[in-house]
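Chains as they are written, first to last, in this note's numbering: chain S, 51 to 335; chain D, 8 to 318.
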């Protein structure tokens, strides 16, 4: 008792102060967020003010850059294109990837280890290795400048990660529910759709978020496979029009804010799930 | 789970059909579930990857037929193509920069954030935000911030800070580190969150024990934190090694390899050869060498692990 009473205040005194921690964190915070604040400020300035004050808070707020960027950036088309790519990829990756994960986790797939090894190798092949033959194959098949063609590529590339994450989620599910359904005469398909999907929806949500982000932000494949302006995604269209209007910072900043706003909102809402999914994904690929 | 032994009470015919159904259910159905995604993956990834191995041995332009020319593309890479050598050196420089700066920043960030309670979630979240932004936004934002007339650089220049009157992205000597800096701005926060998660799994008793032994911050970091996060740290060094040979987006968006090839890396050469000068065979050969370097890095790790390094 006496010993404890003596050591506790001593230990408290030796607990290092947190002030240096907050100091360093604040510097890192300015480094990470400062450029984004400047981006938002600049989107609210008119041309004259951007010339005098390219970094600071706007002295008067103008919204005119936003509708102009919406038109010039052809957002009404590119947003739809990006949304189609994201939706198509996410639905297919969750359905087909979920099916494969179910087979690996619950059906004792014969040759399952071989399949896992294949997926591991396929997911670590550099895109630049298969990009060139793939492009010319896709052109022969009429899948270049075709949102469906690009969706197929996104599905293939995002599948291994989705299967790994969903499989590790499904392995933890108890078998009782499935077996009960099987005893009642359910087919494996019914077990998958009626039992396993409802039980593993958090895994599906995480994978859906991670894949959505990857497809929404994807640059290389979208540049190579979509060359018609009316097929551009929000990302390739932005790249296209920033080179055209590189000096019109108000315009490019407003377009950038419109592009990242949906990402940031979804990120803030699902923050934990996002970070978990992305970091697990980083560790598993 | 269903059993595979045939029930003896069934008649012979029904035993046969039972066995057939059991075979269907045990062997065929699982593969039917895998088939759609496997087909797509084989068509998109495996098939083209294998054919890249063939096209690397041809003079294929991308259109029409391909003539077999043996190892001529590889001879050209080794003996003729000076841009290949420059690009490879740039990949190595990229590797050195990414093995040091982001890892150091992430270690500092994570180790000052780990013991903090108040505001921990806020810092973790905001420092992670740049990682979720698209590369085109990050690249173009920093292009304007580094503009010598107007951006941060221009602001410093106006106030007479020496050495700030230059276009960092327009000079051969500064272009590659500048692009790496921009890429790193979006990348280090991700590393930090990975390290942070690992640090939070270190038992707090270890820190208490170290503190009672009179350890200062640096001792704690070296003797408790670093060993505690070693698996994650080593894994991310491996991934940095692999990704350094594949980097593309930021360089392509900012300079397309310029000025005068000063920021070219191997992936840029693949793109230019395939889609700008229509030497698809030669581009495939370069792509194959990229995979080769990635393979070497993975092999180094496997060998080190076999030799008993705990990584």
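In this text, a Cβ means the ideal position worked out from N, Cα and C, and glycines have one as well.
Keep in mind that this is a model prediction, so the values were computed, not measured.
Check your understanding: If we count the other Cβ atoms within 10 Å of its Cβ and call it buried at 16 or more, is residue 278 of chain D buried or exposed?
Key -> Buried is the label assigned to residue 278 of chain D, since at least 16 other Cβ atoms lie within 10 Å of its Cβ.
**Study point:** Segments of 4+ residues assigned as alpha helix (DSSP H) that fall wholly inside the stretch 91-167 of chain D
**Key:** Unbroken alpha helix (DSSP H) stretches of 4 residues or longer found wholly inside the stretch 91-167 of chain D: 127-135, 142-152 and 159-165, given in chain order.
**Study point:** Residue from D/203, D/79 and D/133 whose Cα sits closest to the Cα of residue 3 of chain D
**Key:** Past the boundaries of the shown model lies residue 3 of chain D; chain D is included only from 8 to 318, so the question cannot be answered.
Review point. Touching or not, the stretch 206-218 of chain D and the stretch 66-84 of chain D, by the rule of three or more beta carbon pairs under 8 angstroms?
Key: Verdict: no, contact absent.
Practice item. Note the first and the last residue of the continuous alpha helix (DSSP H) segment covering residue 279 of chain D. Key: Element bounds for residue 279 of chain D: 273-282.
Practice item. Since I believe residue 288 of chain S is in contact with residue 143 of chain D (beta carbons under 8 angstroms), could you give me their beta-carbon distance rounded to a whole number of angstroms? Key: Yes, they are in contact, since the Cβ atoms of residue 143 of chain D and residue 288 of chain S sit about 5 angstroms apart, within 8 angstroms.
Review point. If you pair each beta-carbon of the stretch 38-49 of chain D with each one of the stretch 149-165 of chain S, do three or more pairs fall below 8 angstroms?
Key: Counting Cβ pairs under 8 angstroms, three or more are found: they touch.
Exercise for review: Would you grab the beta carbon distance between residue 139 of chain S and residue 204 of chain S for me? Rounded to a whole angstrom, and I think it's under 8 angstroms.
Suggested key: Your pair residue 139 of chain S and residue 204 of chain S checks out as a contact, with CB atoms roughly 4 angstroms apart and the cut at 8 angstroms.
Check your understanding: residue 306 of chain S CB to nearest chain D CB: under 8 angstroms?
Key -> Closer than 8 angstroms to the CB of residue 306 of chain S there is at least one CB belonging to chain D.
Exercise for review: Check the C-beta distance from residue 291 of chain D over to residue 62 of chain D and give it rounded, since I have them as a contact under 8 angstroms.
Suggested key: Between residue 291 of chain D and residue 62 of chain D, the beta carbon gap of about 4 angstroms places them in contact (Cβ cut-off 8 angstroms).
Review point. How about residue 250 of chain S and residue 223 of chain S: are their beta carbons less than 8 angstroms apart?
Key: Taking a C-beta distance under 8 angstroms as the contact criterion, residue 250 of chain S and residue 223 of chain S qualify as a contact pair.
Review point. Count the other CB atoms within 10 Å of the CB of residue 57 of chain S; is the residue buried (16 or more) or exposed (fewer)?
Key: In this prediction, residue 57 of chain S scores a pLDDT of 45, lower than 50, which makes its location untrustworthy; no coordinate-derived value is stated.
Check your understanding: Looking at chain D, which residues of the stretch 268-282 of chain S have a Cβ within less than 9 angstroms of any of its Cβ atoms?
Key -> So the list reads 268, 269, 270, 273 and 274, given in the order they occur along the chain.
Practice item. Please check if any C-beta of chain D sits within less than 8 angstroms of the C-beta of residue 219 of chain S. Key: Chain D, which has no Cβ nearer than 8 angstroms to the Cβ of residue 219 of chain S, makes this no.
**Study point:** Classification of residue 61 of chain S by the beta-carbon crowding that lies within 10 angstroms, buried from 16 upward
**Key:** Low confidence applies to residue 61 of chain S: its pLDDT is 47, below 50, so where it sits in the model is not reliable, and the reading given next is rough at best. Residue 61 of chain S should be labelled exposed.
Review point. Looking at chain B, which residues of the stretch 233-265 of chain D have a Cβ within less than 9 angstroms of any of its Cβ atoms?
Key: Absence of chain B from the displayed structure is noted, the protein chains being S and D.
Point to revise | Straight-line Cα distance separating residue 171 of chain S from residue 319 of chain S | key: In this structure, the straight-line span from the alpha carbon of residue 319 of chain S to that of residue 171 of chain S is close to 34 angstroms.
Practice item. State the CB to CB distance for the pair residue 305 of chain S and residue 51 of chain D, rounded to an integer number of angstroms; the pair is presumed to be in contact (CB under 8 angstroms). Key: No, residue 305 of chain S and residue 51 of chain D are not in contact; Cβ-Cβ is about 31 angstroms, not under 8 angstroms.
Check your understanding: Per DSSP, residue 75 of chain D is paired with what?
Key -> Residue 75 of chain D is bridged to D/65.
Check your understanding: Between residue 148 of chain S and the rest of its own chain, which residues show a CB-CB distance below 6 angstroms, the 5 nearest in sequence each way excluded?
Key -> Excluding residues within five positions, the ones whose Cβ falls inside 6 angstroms are 216.
Review point. Alpha helix (DSSP H) containing residue 103 of chain S: first to last residue?
Key: Counting along the chain, residue 103 of chain S falls outside any alpha helix (DSSP H), and DSSP gives it neither H nor E.
Practice item. Give every residue of the same chain whose Cβ lies closer than 6 angstroms to the Cβ of residue 317 of chain S, excluding the five residues on either side of it in the sequence, and list them in chain order. Key: Listed in chain order, the non-local C-beta contacts of residue 317 of chain S below 6 angstroms within the same chain comprise 324, local neighbours out to five positions each way being set aside.
Practice item. Determine, using beta carbons only, whether residue 186 of chain D and residue 258 of chain D come nearer to each other than 8 angstroms. Key: Residue 258 of chain D is positioned such that its CB atom lies closer than 8 angstroms to that of residue 186 of chain D.
Check your understanding: What three-state label does DSSP hand residue 222 of chain D in the structure shown?
Key -> Collapsing the DSSP output to three states places residue 222 of chain D in coil.
Exercise for review: Using a Cβ-Cβ cut-off of less than 7 angstroms, list which residues of the stretch 119-140 of chain D approach chain S; keep chain order.
Suggested key: Contacts with chain S (Cβ-Cβ distance below 7 angstroms) from the stretch 119-140 of chain D involve 119, 120, 122, 123, 130, 132, 133, 134, 135, 136, 137, 139 and 140, listed in chain order.
Exercise for review: Could you work out which residue in D/209, D/189 and D/312 is closest to residue 241 of chain D when comparing CA atoms only?
Suggested key: Selection D/209, D/189 and D/312 evaluated against residue 241 of chain D yields D/312 as nearest (Cα-Cα).
Review point. If you run the structure through DSSP and keep just helix, strand and coil, what is residue 124 of chain S?
Key: Coil, per DSSP.
Practice item. List the endpoints of the continuous alpha helix (DSSP H) containing residue 228 of chain S. Key: Boundaries of the alpha helix (DSSP H) around residue 228 of chain S: 226-233.
Review point. Measuring CB to CB, does residue 277 of chain S end up less than 8 angstroms from residue 195 of chain S?
Key: Taking the C-beta atoms as reference points, residue 195 of chain S is found nearer than 8 angstroms to residue 277 of chain S.
Check your understanding: Using a C-beta to C-beta distance shorter than 7 angstroms, which residues of chain D count as neighbours of residue 166 of chain S?
Key -> Those within 7 angstroms of residue 166 of chain S in chain D number zero; the least Cβ separation is about 11 angstroms.
Review point. Buried or exposed: where does residue 46 of chain D fall if 16 or more other Cβ atoms within 10 Å of its Cβ makes it buried?
Key: Taking a 10 Å sphere around the C-beta of residue 46 of chain D, we find fewer than 16 other C-beta atoms and assign the residue as exposed.
Check your understanding: Are the stretch 127-139 of chain S and the stretch 174-185 of chain S touching, with three or more C-beta to C-beta distances below 8 angstroms?
Key -> Output reads no: the stretch 174-185 of chain S does not touch the stretch 127-139 of chain S.
Exercise for review: Specify, as a first and last residue, the run of the alpha helix (DSSP H) that residue 238 of chain S falls within.
Suggested key: Residues 238-241.
Review point. Would a C-beta distance cut-off of 8 angstroms place residue 114 of chain D and residue 197 of chain D closer than the cut-off?
Key: No. Outside cutoff.
Review point. What span of residues does the alpha helix (DSSP H) with residue 252 of chain S cover, start to end?
Key: From DSSP, the alpha helix (DSSP H) with residue 252 of chain S extends over 251-267.
Point to revise | Residues of the stretch 56-89 of chain D whose Cβ lies closer than 8 angstroms to any Cβ of chain S, in chain order | key: So the close ones are 56, 58, 59, 62, 69 and 70.
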